[in-house]
Structures are given as C-alpha cells and as structure tokens.
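Participant:
Numbering (my numbering), first residue to last: 312 to 433.
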C-alpha cells in the first residue's frame, strides 16, 4: 500500500536527516529510548515559528513526548480501513486540533524535546 500525501508538511522542504540514518553517531538514539538506535523520521529544516500543515485529512491531537517535545499526532484512516499515525515533532505551539483537512495549519516549528536546532521531525 502506498500512502499518498495530498499536502506537504511545510511550504518549503529541505531534508537535513533522512529516516533510519544516524548522523549523530554513537548511541544517541538508544539513549533517548529508540530501540533500533536509528533516526525514526525525516528532519526537515525550517526556522522557529514556521507553519506546519496536515498532509492528509484526519484527526489531530497534541502530546508532549520526551524525544519529540511538543508534538502533533495526525491519525489518518486509509481506504484499506487502516489507521496510520503521522508524528510532527519539536513544535513550538499547536494549531488546529480535532478533525482537520489536508493543508490545515496544525502547529508551528521549534526546537523542543531532544533536538539540535529548530526543525520539523516528520
């Protein structure tokens, strides 16, 4: 099953760390509770306060999680009746919650949690 996003999480995207790559070296990710010891998302460069958007229609809620800091969790129901969760980590403040449409602003970027600078962990 391919997941097609109907909106980008940022207006301008520049990948600074890909999924499953450990640019920090050593056991940094294991120390913060990631069992694989590998990066579990894509880090996208953006300055503090950049609007973050829902990539698909779904249900958005907020939670503070150690590694991710302030985070938005977008729950997406696929056509195969499977629920997927998309995490938006290191946020400054929340935007729209509850039922959201693709393209709704669901938060603003920052440097919360375990982070080396402002970015979106997607």
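Note that CB positions come from ideal geometry on N, CA and C, so glycine has one too.
Any idea what DSSP makes of residue 312, helix, strand or coil?
Facilitator: In the chain shown, the residue the question calls residue 312 occupies position 1. At residue 312 the pLDDT is 44, less than 50, meaning the model places this residue with poor confidence; the figure from the coordinates comes in the next sentence. Residue 312: coil per DSSP, three-state reduction.
Participant: What is the DSSP secondary structure of residue 381, reduced to helix, strand or coil?
Facilitator: In the chain shown, counting from the first residue as 1, residue 381 sits at position 70. Of the three classes helix, strand and coil, the one that applies to residue 381 here is strand, per DSSP.
Participant: If I measure Cβ to Cβ from residue 388 and keep anything under 6 Å in the same chain, skipping five residues before and after, which residues do I get?
Facilitator: Against the chain shown, residue 388 aligns to sequence position 77. Counting only Cβ-Cβ distances below 6 Å, and skipping sequence neighbours, we find 394.
Participant: Please report the residue range of the beta strand (DSSP E) in which residue 356 lies.
Facilitator: Walking along the chain shown from the start, residue 356 turns up at place 45. 354-356 is the extent of the beta strand (DSSP E) around residue 356.
Participant: Under the DSSP definition of a beta bridge, which residues are partnered with residue 421?
Facilitator: In the chain shown, residue 421 corresponds to position 110, counting from 1. In the DSSP output, where bridge partners are listed per residue, residue 421 has 430.
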